[in-house]
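Following: one structure in structure tokens, then a few remarks.
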Amino acid sequence: GNSVTQMEGPVTLSEEAFLTINCTYTATGYPSLFWYVQYPGEGLQLLLKATKADDKGSNKGFEATYRKETTSFHLEKGSVQVSDSAVYFCALSGNRDDKIIFGKGTRLHILP
Amino acid sequence: NAGVTQTPKFQVLKTGQSMTLQCAQDMNHNSMYWYRQDPGMGLRLIYYSASEGTTDKGEVPNGYNVSRLNKREFSLRLESAAPSQTSVYFCASTRRRQGNAGELFFGEGSRLTVL
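Here the protein sequences come in this chain order: A and B. For the first sequence, the residue numbers in my numbering are 65 to 176. For the second sequence, the residue numbers in my numbering are 37 to 151.
Set out below in structure tokens:
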């Protein structure tokens with residue numbers, strides 16, 4: 065079946081540092097890929113998505129490119145802020161069934 | 037704009053008791069999902085419903101049942117609660133077009149403790 069693997073956390077960075085959170089997937093067909101973010105005490109909300117190979121999703125300075133050749137969808141941001149501290153989840157939606165599955169999440173701490 | 041509403045927000049049960057988590061969405065979405073969130077385990081899919089009248093097992097369905105009552109409502113039932121079912125439960129919904137899922141909209145979560 066489909067699966068999502070993302071890097072273990074927590075990740076601690078200083079403000080203005082470069083961020084990469086790795087996400088790889090296993091899926092049949094052509095899935096859609098997502099990054100969701102959960103701020104402290106809140107529910108999950110969509111950060112960005114990509115629905116086909118080579119698509120780049122972007123939002124709030126974050127970017128991720130759908131790489132079919134490496135089955136990856138790594139999240140990047142050039143300069144993180146304290147307000148980016150949250151838990152980030154990579155997710156996959158198969159196009160052969162209606163399951164939407166998530167990785168285990170990566171907790172990010174940004175130090176001022 | 038209510039979005040996805042789930043009740044109750046908090047519940048404490050004793051082992052063996054039963055309960056139902058209710059979820060309703062007002063966005064005319066066709067697909068609805070139940071997840072559980074546990075520390076270190078991320079979100080795990082319990083059951084989902086692609087459309088009214090259909091339900092399917094997710095990654096961790098044992099110990100749960102679901103009902104897609106109509107297009108708006110999707111309930112999750114614990115028939116005989118166990119301490120391993122202590123978790124935060126999230127309901128979510130999305131609109132699927134041409135086989136692709138759109139953005140998932142989540143409820144605020146229901147924190148369940150089983151003693």
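In this text, a Cβ means the ideal position worked out from N, Cα and C, and glycines have one as well.
Looking at the secondary structure, which residues open and close the beta strand (DSSP E) in which residue i lies?
i: M68/B; result: 67-74
i: R104/B; result: 100-104
i: L77/A; result: 75-78
i: F126/A; result: 126-129
i: Y84/B; result: 78-85
i: Y89/A; result: 87-90
i: T41/B; result: 40-43
i: Q109/A; result: 108-114
i: S67/A; result: 67-70
So for residue i, helix, strand or coil by DSSP?
i: S116/B; result: coil
i: V144/A; result: coil
i: Q53/B; result: coil
i: R133/B; result: strand
Return the bridge partner residues of residue i from the DSSP annotation.
i: Y152/A; result: V101/A, T170/A
i: F142/B; result: A128/B
i: D92/B; result: Y84/B
i: F110/B; result: R104/B
i: G26/A; result: Within the shown structure, residues of chain A are numbered from 65 to 176, placing residue 26/A beyond reach of any answer.
i: R147/B; result: F46/B, V124/B
i: T84/A; result: E140/A
Determine, for residue i, whether the minimum Cβ-Cβ distance to residues of chain B falls below 7 Å.
i: I164/A; result: yes
i: L22/A; result: A query on residue 22/A cannot be resolved here, the shown segment of chain A reaching from 65 to 176 and no further.
i: G169/A; result: yes
i: S157/A; result: yes
i: L110/A; result: yes
i: G107/A; result: yes
How about residue i: is its C-beta nearer than 7 Å to some C-beta of chain A?
i: A137/B; result: yes
i: F110/B; result: no
i: E144/B; result: yes
i: G78/B; result: yes
i: A86/B; result: yes
i: L81/B; result: yes
i: S129/B; result: no
i: S67/B; result: yes
Exposed or buried, what is residue i when buried is set at 16 or more other beta-carbons lying within 10 Å of its beta-carbon?
i: P48/B; result: One detail in the question is off: residue 48/B reads as Val in this sequence, not Pro. Label assigned to V48/B: exposed.
i: Q145/A; result: exposed
i: F82/A; result: exposed
i: P74/A; result: exposed
i: Y103/A; result: exposed
i: R113/B; result: exposed
i: T130/B; result: buried
i: F126/B; result: buried
i: A155/A; result: buried
i: R133/B; result: exposed
i: D162/A; result: buried
i: A117/A; result: exposed
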